[in-house]
Amino acid sequence: MERKWWHDKVAYQIYPKSFLDTNGDGIGDLRGIISKLDYLKALGIDMIWISPIYKSPFVDQGYDISDYYAIAEEFGTMEEFDELLLEAKRRDMHIVMDLVINHCSDKHEWFQKALADPEGEYAEYFYFVKGKDGKAPSNYRSYFGGSAWESVPGTDKYYLHMFAKEQPDLNWENPVVREKLFEMVNWWLDKGLAGFRIDAIINIKKDLEFKSFEPDGPDGLAMCTKMVESVEGVDKFLAELKRETFEKHDAFTVGEVFNMKEGALETFVGKDGHFSTIFDFGPQILSFGGHGWYDAEPIKFEDWRSVIFKAQKEAEEIGFEANIIENHDEPRGASRFLPEYCQNDMGKKMIATTSILLRGIPFIFQGQEIGMMNCKMESIDEYDDINTKDQYQVALDAGLSEEEAMHACYKHSRDNARTPMQWSDDVQAGFTSGTPWLKVNPNYKEINVKDQEGREGSVLEYYKRLIALRKSEYYKEVFVYGSCVPVYEDKDMIFAYYRQNETQKILIAANYGEEACTLKLESPAKKILLSNFPEPKVQGDEVILASAAVVVIEL
Ligand code: GLC
Ligand code: CA
549 MERKWWHDKV
559 AYQIYPKSFL
569 DTNGDGIGDL
579 RGIISKLDYL
589 KALGIDMIWI
599 SPIYKSPFVD
609 QGYDISDYYA
619 IAEEFGTMEE
629 FDELLLEAKR
639 RDMHIVMDLV
649 INHCSDKHEW
659 FQKALADPEG
669 EYAEYFYFVK
679 GKDGKAPSNY
689 RSYFGGSAWE
699 SVPGTDKYYL
709 HMFAKEQPDL
719 NWENPVVREK
729 LFEMVNWWLD
739 KGLAGFRIDA
749 IINIKKDLEF
759 KSFEPDGPDG
769 LAMCTKMVES
779 VEGVDKFLAE
789 LKRETFEKHD
799 AFTVGEVFNM
809 KEGALETFVG
819 KDGHFSTIFD
829 FGPQILSFGG
839 HGWYDAEPIK
849 FEDWRSVIFK
859 AQKEAEEIGF
869 EANIIENHDE
879 PRGASRFLPE
889 YCQNDMGKKM
899 IATTSILLRG
909 IPFIFQGQEI
919 GMMNCKMESI
929 DEYDDINTKD
939 QYQVALDAGL
949 SEEEAMHACY
959 KHSRDNARTP
969 MQWSDDVQAG
979 FTSGTPWLKV
989 NPNYKEINVK
999 DQEGREGSVL
1009 EYYKRLIALR
1019 KSEYYKEVFV
1029 YGSCVPVYED
1039 KDMIFAYYRQ
1049 NETQKILIAA
1059 NYGEEACTLK
1069 LESPAKKILL
1079 SNFPEPKVQG
1089 DEVILASAAV
1099 VVIEL
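When you line the sequence shown up against the working numbering, it's residues 549 to 1103, in that order.
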């Protein structure tokens, strides 16, 4: 496999609104990010993905962009952004922005012009489609609930929005739209950006017949993903996007790709793939409920382990996937994937180890490195997220009590990951001197950076050692390029694999079970590289793992 500059990088996702507020308005900002570059450098981070910071009405927290060429005032100025680029570069770190080009904001100039003249050229930037029998053109349900069609005032047309109605979908069939988007992408890359995380990209190809599907819910609608899964042709757009932009800059790209067709991995991340990498969402998909969050089944350990290993195997000959335990759209990984008896520092170090040493590009989401957890909200009003409000209603409509619906939100809400970063045990966790836009998790007194920095045994210090091991001169080759071979799969609750190449073989073994477990080593242990528990770890040819124990052994 041809080697690329980004193969050995460790990435960190910043959710800017919740990272660090430096002017007391309760909203994180670019100054805050700049001031924490050294913190991230010390953690071992090479690449920073920042969720959208473009001008936006923030209906969907910046994923509704009203000007692709402007920084949202809430976050700062373009000068500050340039300073961020420069400061990152000085530290040998790369900045990756979010690229949201399936849709824009309804406040974007293009959409405003389209509304003003629904027969004019700007209407062609979107999908303005005639209704059928006085109703929407099809029965698609948008990702955030309700019809994916909204009527265009004063006409018999509707416009398509796969997400909120304030996020009209851009018409990729229109070459002018593509050209304008490519121009914008190049403008940012010319500035010195390392690349992009590419939002919701599978949705850019529509079936222009817009046929309805069998309803799949009491609302009489069918999930819009049905159209996405049935239509062909996204590859043509993506190949053009790459050719016209990323390729010219040797940019790093990571796609947010759900609903990919069977066997399409090669087209996405292979040698000539559309992107450098895509996220492996296998674990996240496990808790997609049949009808919504309310009927999601708890994740079974065996399923979790097996989807991860399946993805590892699939990617091996093809390219790299990016591994996460959480992001801004998901609850906290420690709350979600760790059994309750492991929801402690030891467990958090364990899941960090089994995830970060997988083959692929690790992405750490802000706060993960200190073990931030889901946040209990007192009422639905404490949530901000548009998706959470919809899912709460879906649960109530399905007959759940308010308490049960709130519980579903506590388990699944995107706001679990969006509560402010916990920097210290000062007021508002040191995130802001004002009122935070979203409540701070009350557990900040126990879980915060200040307490963990430099404290031996803390989750944060463990993350540093773990990342340093992955990047160390001697082991880097095997952790980056070695294959991932599952082992001890017959053992209940054991998550174990080898990372190996011709000359090195490393065992990563973790016990997610409640009882201790003894594993017989295949060959003698040469060296213990890392573990989250005190000696002894290996006795003779056996390794003894207590509940929530993880060990990394060179064989
Ligand atoms: C992606 C983003 C999510 C956003 C959606 C619409 O899934 O990660 O936060 O709501 O796209 O842009
Ligand atoms: Ca601020």
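Quick reminder that beta carbons are idealized off the backbone N, C-alpha and C, glycines included.
As the structure is a prediction and not an experimental result, all values here were calculated from the model.
- Look at the beta carbons and you see the segment 727-745 not touching the segment 695-710: under three pairs across the two are nearer than 8 Å.
- Just so you know, the alpha carbons of K993 and G978 end up roughly 11 Å apart.
- Membership of E869 in the beta strand (DSSP E) is indicated by the continuous run 868-871.
- In this structure, the alpha-carbon of A965 lies about 7 Å from that of N875.
- Contact between the segment 750-762 and the segment 811-819 is absent: fewer than three C-beta pairs spanning the two stretches fall below 8 Å.
- Bridge pairing for G803: I746, I826 [DSSP].
- For T1066, the three-state secondary structure derived from DSSP is strand.
- In the structure shown, V779 adopts coil according to DSSP, grouped into three states.
- Only buried fits S1006, as 16 or more other CB atoms lie within 10 angstroms of its CB.
- Taking the Cα positions, Y587 is about 14 Å away from A559.
- Just so you know, the alpha carbons of V1091 and T1066 end up roughly 6 Å apart.
- With 5 Å as the limit, the residues whose C-beta approaches any heavy atom of ligand 1 more closely are D608, Y611, F711, D747, A748, D877, in sequence along the chain.
- In this structure the segment 967-982 does not lie against the segment 860-869, because fewer than three pairs of beta carbons, one per stretch, are closer than 8 Å.
- Counting every other CB atom within 10 Å of its CB across the protein chains shown gives Y670 a total of 16 or more, marking it as buried.
- Residue list for ligand 2: D569, N571, D573, I575, D577 (CB closer than 5 Å to any heavy atom, chain order).
- Distance from G679 to K713 at the Cβ level is roughly 15 Å; contact not present, criterion being Cβ atoms closer than 8 Å.
- Each residue's CA atom was taken as its position, placing G580 and G982 some 14 Å apart.
- Secondary structure of H642 (DSSP, three-state): strand.
- Annotated three-state conformation of F676 is strand, per DSSP.
- Where F913 is concerned, the enclosing beta strand (DSSP E) starts and stops at 909-913.
- For S583, the enclosing alpha helix (DSSP H) stretches over residues 578-583.
- Taking the CA atoms as reference points, K552 sits about 28 Å from Y1010.
- If only complete runs of 4 or more residues are kept, the segment 926-991 shows the alpha helix (DSSP H) at 934-945, 950-960, 963-966, in order along the chain.
- C-alpha of Q916 to C-alpha of R638: approximately 25 Å in a straight line.
- Taking C-alpha positions only, A770 is separated from G838 by approximately 12 Å.
- Inter-segment contact for the segment 1045-1058 and the segment 1013-1033 is present: three or more beta-carbon pairs are separated by less than 8 Å.
- W553: not part of any beta strand (DSSP E); DSSP gives it neither H nor E.
- For L1017, the enclosing alpha helix (DSSP H) stretches over residues 1007-1019.
- With contact defined as three or more Cβ pairs closer than 8 Å, the segment 935-954 and the segment 839-847 are in contact.
- With contacts defined by Cβ atoms closer than 8 Å, F823 and I746 form a contacting pair.
- In the three-state DSSP reduction, M898 falls in the helix class (H, G or I).
- Around the beta-carbon of I995, 16 or more other beta-carbon atoms lie within 10 Å, marking it buried.
- Nearest Cα to S903 within the set K796, L1014, K774, R726: L1014.
- Residue environment analysis places E951 among the exposed positions, since fewer than 16 neighbouring C-beta atoms fall within 10 angstroms of its C-beta.
- Within the same chain, Cβ atoms closer than 8 Å to the Cβ of D933 are found at Q609, S961, R962, D963, R966, the five residues on either side in sequence being excluded.
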